[in-house]
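In our numbering, the protein residues as written are 9 to 300. The beta-carbon is built from N, C-alpha and C at its ideal position, and this holds for glycine as well. Just below is one structure, and these are the notes that go with it.
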Ligand code: HEC
């Protein structure tokens, strides 16, 4: 595999320097229970970030890195005044309200006609035995209405997600792990394991950057906390020049550490989203959003 060695080494040096500063915090981090219940995980997760960012309230994490990077926040606020994701909401609304060939609508597939419900996803699908993200629920709906699936990374899917997120804005994430189905807890545990597992040529886990080094600079970028990582999607990224999904961002972070990216809506990514969303319960939906 070809990669830029100089860049690779610089990245390692940057991270090592950051790590030195966080030795005290790592002590705390080790206190994170590994074999704990989801509620214990959530409490430990929040306690850790409270310690690192004592001024932030839970809802502040909705703004990702802009909750902690005051300088970047200014230019971000200016972009949000004329948001580049607006056409996606409009297009999504149109698609959402267009009847299927059988005359039915997306609204027929969801509670409350599909409005104000995005904060309840991902859900545990008992009959399917897997985690159902909102994107997957949209395709499951289409299948029930005899419509072909939408490609997860393409604009129709992203635009519908943008509209449904918009219709749920301000609602706190409210993801549940049903106790009457052990498979739900197993999926959560798999998502959690993925999050803590070291991967790629750099041998980093998600926690290396977003827990141990949250708030620290990695080259020109300050690293966000994982708390609230699932509430702002889909997101228009200036770097992408378009609006894209949470799983696309997961894949990009894996690529950054020279690990193999997984496809959108793979079981691993859905389980990861389940875990992260549970950690972020209570953070309000802000999607669609913009990020650098
Ligand atoms: C080498 C450091 C690094 C690692 C490891 C890493 N990321 Fe990131 N991640 C970044 C940077 C840099 C950004 C952009 C700035 C920010 O929001 O933190 C980012 C952004 C994100 C965002 C977008 C946040 C938002 O508000 O839009 C998500 C979600 C995310 N990462 C998830 C993950 C997950 C899940 C993993 C583990 C599979 C991971 N990251 C591993 C560096 C990393």
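Three-state secondary structure (DSSP) of residue 135: In the chain shown, counting from the first residue as 1, residue 135 sits at position 127. In the structure shown, residue 135 falls within a coil segment according to DSSP collapsed to helix, strand and coil.
Would you please state the rounded distance, in angstroms, between the beta carbons of residue 137 and residue 191? I believe it to be under 8 Å. Here the question's residue 137 lines up with position 129 in the chain shown. Here the question's residue 191 lines up with position 183 in the chain shown. That pair is a contact at about 6 Å.
Between the stretch 169-184 and the stretch 118-131, do three or more beta carbon pairs fall short of 8 Å? Of all C-beta pairs linking the stretch 169-184 to the stretch 118-131, three or more are shorter than 8 Å, placing the two stretches in contact.
Which residues does DSSP pair with residue 250 in a beta bridge? On the chain shown, position 242 is the one that residue 250 refers to. Per DSSP, the beta-bridge partners of residue 250 are 245.
Roughly how many whole angstroms lie between the Cα atoms of residue 272 and residue 181? Your numbering for residue 272 matches position 264 in the chain shown. Your numbering for residue 181 matches position 173 in the chain shown. Rounded to whole angstroms, residue 272 and residue 181 show a C-alpha spacing of 21 Å.
Whose C-alpha, out of 214, 93, 223 and 100, is nearest the C-alpha of residue 281? The residue labelled residue 281 in the question sits at position 273 within the chain shown. Checked all of 214, 93, 223 and 100; the closest Cα to residue 281 is 214.
Measure from the alpha carbon of residue 295 to the alpha carbon of each residue in 93, 51, 81 and 89, then state which is nearest. The count along the chain shown starts at 1 and reaches residue 295 at position 287. Considering only alpha carbons, the answer is 93.
Cβ-Cβ separation, residue 258 to residue 277 (assumed contact under 8 Å), whole Å: As a working note, residue 277 is residue 269 in the chain shown. As a working note, residue 258 is residue 250 in the chain shown. Between residue 258 and residue 277 the Cβ distance is about 6 Å, and since that is below 8 Å, they are a contact.
What residue does the alpha helix (DSSP H) around residue 45 start on, and which one ends it? Against the chain shown, residue 45 aligns to sequence position 37. Per DSSP, residue 45 is not a residue of any alpha helix (DSSP H), being assigned neither H nor E.
In this structure, what does DSSP give as the bridge partners for residue 140? Numbered from 1 along the chain shown, position 132 holds the residue referred to as residue 140. 131, per the DSSP bridge assignment.
Just to confirm the assignment, what range does the alpha helix (DSSP H) spanning residue 85 have? Along the chain shown, read from residue 1 onward, the residue named residue 85 stands at position 77. Residues 78-89.
Any heavy atom of ligand 1 inside 7 Å of the beta-carbon of residue 265? In the chain shown, residue 265 corresponds to position 257, counting from 1. Taking 7 Å as the cut-off, one finds at least one heavy atom of ligand 1 near enough to the beta carbon of residue 265.
If you follow the beta strand (DSSP E) that residue 297 is part of, which residue opens it and which one closes it? Mapped onto the chain shown, residue 297 falls at position 289. Annotation: the continuous beta strand (DSSP E) that includes residue 297 extends over 297-299.
What's the call for residue 224, buried or exposed, on a 16-neighbour Cβ count within 10 Å? Residue 224 sits at position 216 when you count from the first residue of the chain shown. Buried is the call here.
Residue 1 and residue 110 look like a contact to me (Cβ under 8 Å); what is the Cβ gap, rounded to whole Å? The question about residue 1 has no answer here: the residues shown for the chain are numbered 9 through 300.
Could you pull out every residue in the same chain whose Cβ sits closer than 7 Å to the Cβ of residue 167, ignoring the five residues on either side in sequence? Indexing the chain shown from 1 puts residue 167 at position 159. Closer than 7 Å at the Cβ level, and outside the excluded window around residue 167, lie 96, 99, 100 and 103.
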